[in-house]
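Reading through the structure tokens given below for one structure.
In the working numbering, the protein residues as written are 3 to 827.
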């Protein structure tokens, strides 16, 4: 876009974006068939609604209904059989005109709709591949492709985004290429930004403003110079302690350009955790979001070696706000802050002002020259599902290699059909996962800015449903737990009435069947058309109407859930990776997504399997190699910060990294996730049971909110279950059951236990005898990052859950021991 300053808008337009009229024209068969259906309805009601025809003979009414039926039939047939839509379109025109001759169209509107719809159908043309071979619009391109096919095409591909340079160089090149395009979208009214109004403008409350790449580049330059003024030098570690927002991204690029090493801190961290995450890397500066997080740092600052603290938002008078700081020239002519309550705490606006005064283009260029690919770029601490977090060392080369690998997978390559979604400068993503986590940092940040796309920052994970409608993104990255909540929200809206709920469930079933069938016949196509009109189109509008694909990572995605979304024409491309691999190792290619798999390894990622860690039973069930996944690649870390023992344990003697995950290589090189090696349950009977697939089976359950499967060193599998209390209350109301108001009391109610047992019994049908859940206990507390039962990336902290609910676990296996003792006596 042309403007540089922020603007209030809910939708972006780019100068090189695909014209809207072309997108609409590509959908003309759908529009045409829809218009024919509307025309049929108008023609049908004419003899009954117009007073002038009230006394018309029955033959006229019958003829009107006949014409209406024929028009509707043509519309439905044009959608179901696109290759014959020209024929049915002409039929729709003729029958619509015939109805006009008999005066059966309401004020001729029905005829107009029919003729226009017929024309749109009649001018349908089949899509043509580059070789000239015609394919139907619904045909999936790339089906049955192999991993070798995918990687060959990707290896041969290159463009202006792919390069061997540092992250600051990558950003500079993209900002220069895309100067007039939108880089960032930020929401008004949620932060007391210190950058407003002098650096960026505040949009209208609740709306999103935009800044261009040229503006963002200017901000990054000034921040980089400002951080250098504060003392940042090559290799200095600086903490980032803030929620995902526009300023996080700007500071990240600025610190990397200034020579700093960014070390991340989750906002859920307690003062003790903050102390560790800043002291372990030896951070000498930290950027915090607001006074709340500032206070956590100050609480432990005596144990830290900080030289400066920068706050993104405005400060109160207690911390030198309201202009308590002033900028002045010291005796050496350098710009510095003075007259504040503390001279080592700055707002981000002050850093910008320092940088604007000190910025020198030649000096900035020299900072970039001084950076090399081997330089440490970031220390990212593992989220700590077990034990204390380890600092993963990631270089510019690690991040840049992963950006290149992901770009090759998602770029608009010439070998790819134009209808296959891709990632380019026209893409917009909604960012809400923690940037402190490597998944969002690479996939939703580095990759997007390298590609020239737009990153919009949601207010929070709780406002995604509201923000996605305003931003209208084309893609988004998230974790499985969020997709589960989205589906739960859809189902909750549908449950407002019995009719809506039945229609929703029917449509979801149709969508799943439509996706699973290789060649849906006319009947299934007609059912899918109706399901799309009644349900799926509304769901897609609630997602902003522009979504081309979602990316899922950071945990195992339920195959059933992925298929449900796919059936609604909302593709979720599941991937896999680790913090140690910067992070992406595999992801489903957009031309051939396969729910239930992790996709195909990226270019230059080598894989092999340690089959010694799995049982004979697991090997017999697998369709290919299975074992602990071992990897090599340019995106792989060299090890952990100041922890040589952990580094040595993470690698084999010949340099392969142990992922700790049990993975299977299935057909065509697609990988299938089984479970964490450490989480594998070894029953006292000797059977190995992976809890992940059992837990995933409940991902779409309307009765189970959360579940953790147990059984290690026990005779049978059990589970801790958090009920879906909202659906539980609805069920009780419908059945006239008077349940206790207290959720803990609900969990003790035998009627609730039976309600959950019915669901467990149903899910058990798909598992072997040793995998079935024999006993379970209900717990009344939802597991969240706030209560330390989930990591910030929404993974279960199994040790913490077991400790929190040890009484429930004792109840499960204590009762079993008692029963065993009673039997033996």
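Heads up, the beta-carbon is just placed ideally off N, CA and C, and yes, glycines get one too.
Check	Outcome
Does residue 666 come out as helix, strand or coil in the three-state DSSP assignment?	strand
The beta strand (DSSP E) with residue 513 in it runs from where to where?	Note, residue 513: premise wrong, no beta strand (DSSP E); alpha helix (DSSP H) at 500-518.
Are the C-beta atoms of residue 701 and some chain B residue less than 8 Å apart?	Given the protein chain composition of this structure (a single chain), no chain B is represented.
Report the three-state DSSP secondary structure of residue 611 (helix, strand or coil).	strand
Throw me the rounded Cβ distance for the residue 431 and residue 455 pair, which I believe falls under 8 Å.	6 Å
Could you check if residue 365 is buried or exposed, using at least 16 other CB atoms within 10 Å of its CB as the buried criterion?	exposed
How long is the line joining the alpha carbons of residue 149 and residue 250, rounded to whole angstroms?	36 Å
Within its chain, find whatever has a CB closer than 8 Å to the CB of residue 375; leave out the 5 residues flanking it on each side and keep chain order.	166, 167, 168, 397, 398, 399 and 402
For the candidate residues 669, 217 and 92, whose alpha-carbon lies nearest to that of residue 176?	217
Assuming residue 676 contacts residue 665 under a Cβ cut-off of 8 Å, what Cβ separation, rounded to an integer in Å, is found between them?	7 Å
Looking only at its own chain, which residues have a Cβ that is under 7 Å from the Cβ of residue 546, when we skip the five neighbours before and after it?	470, 471, 473, 474 and 475
Can you tell me whether residue 603 is buried or exposed? The criterion is at least 16 other CB atoms within 10 Å of its CB, across all chains shown.	buried
Taking its Cβ as the centre, do 16 or more other Cβ atoms sit within 10 Å of residue 746, making it buried, or is it exposed?	exposed
Mapping DSSP to helix, strand and coil, what is residue 703?	coil
Output the boundary residues of the beta strand (DSSP E) element that contains residue 567.	No beta strand (DSSP E) contains residue 567, which is instead part of the alpha helix (DSSP H) from 561-569.
Could you give the uninterrupted runs of the alpha helix (DSSP H) lying entirely in the region 365-439, keeping only those of 4 residues or more?	398-412
With respect to the alpha helix (DSSP H) encompassing residue 221, which residues constitute its N-terminal and C-terminal limits?	215-231
What separation, rounded to the nearest whole angstrom, lies between the Cα atoms of residue 811 and residue 190?	47 Å
Beta-carbon within less than 7 Å of residue 581's beta-carbon, same chain only, minus the 5 sequence neighbours each way: which residues are those?	382, 384, 394 and 440
Less than 8 Å between the CB atoms is what I'm expecting for residue 299 and residue 225, so what's the real figure, rounded?	Contact doesn't hold; Cβ gap of about 20 Å is too wide.
Does the beta-carbon distance from residue 289 to residue 276 come in below 8 Å?	no
What does a CB cutoff of less than 6 Å around residue 802 pick up in its chain, not counting 5 residues either side in sequence?	790 and 791
Reducing DSSP to helix, strand and coil, say where residue 208 ends up.	coil
Given that a residue counts as buried once 16 or more other Cβ atoms are within 10 Å of its Cβ, and exposed if not, what is residue 274?	exposed
How is residue 539 classed by DSSP in three states: helix, strand or coil?	helix
Measuring CA to CA, which of 372, 504, 359 and 296 is closest to residue 348?	296
Mark residue 154 as exposed unless 16 or more other C-beta atoms lie within 10 angstroms of its C-beta, in which case mark it buried.	exposed
Return the Cβ separation of residue 597 and residue 561 in integer angstroms, given the expectation that the two are a contact with Cβ distance under 8 Å.	5 Å
Is the number of C-beta pairs between the region 717-733 and the region 775-794 that are closer than 8 Å three or more?	yes
Going straight from the alpha carbon of residue 2 to that of residue 567, what length do you get?	Since the displayed the chain opens at 3 and closes at 827, residue 2 lies outside it and no answer follows.
Would you tell me roughly how many angstroms separate the C-alpha atoms of residue 173 and residue 649, rounded to the nearest one?	31 Å
Would residue 493 pass as a contact of residue 565 if the rule is Cβ separation under 8 Å?	no
Please report the distance separating the alpha-carbon of residue 404 from that of residue 758.	43 Å
Along the chain, where does the beta strand (DSSP E) that runs through residue 574 open and close?	574-579
Around the Cβ of residue 754, are there at least 16 other Cβ atoms within 10 angstroms (buried) or fewer (exposed)?	buried
Do the region 656-672 and the region 523-535 make contact, defined as three or more Cβ pairs closer than 8 Å?	no
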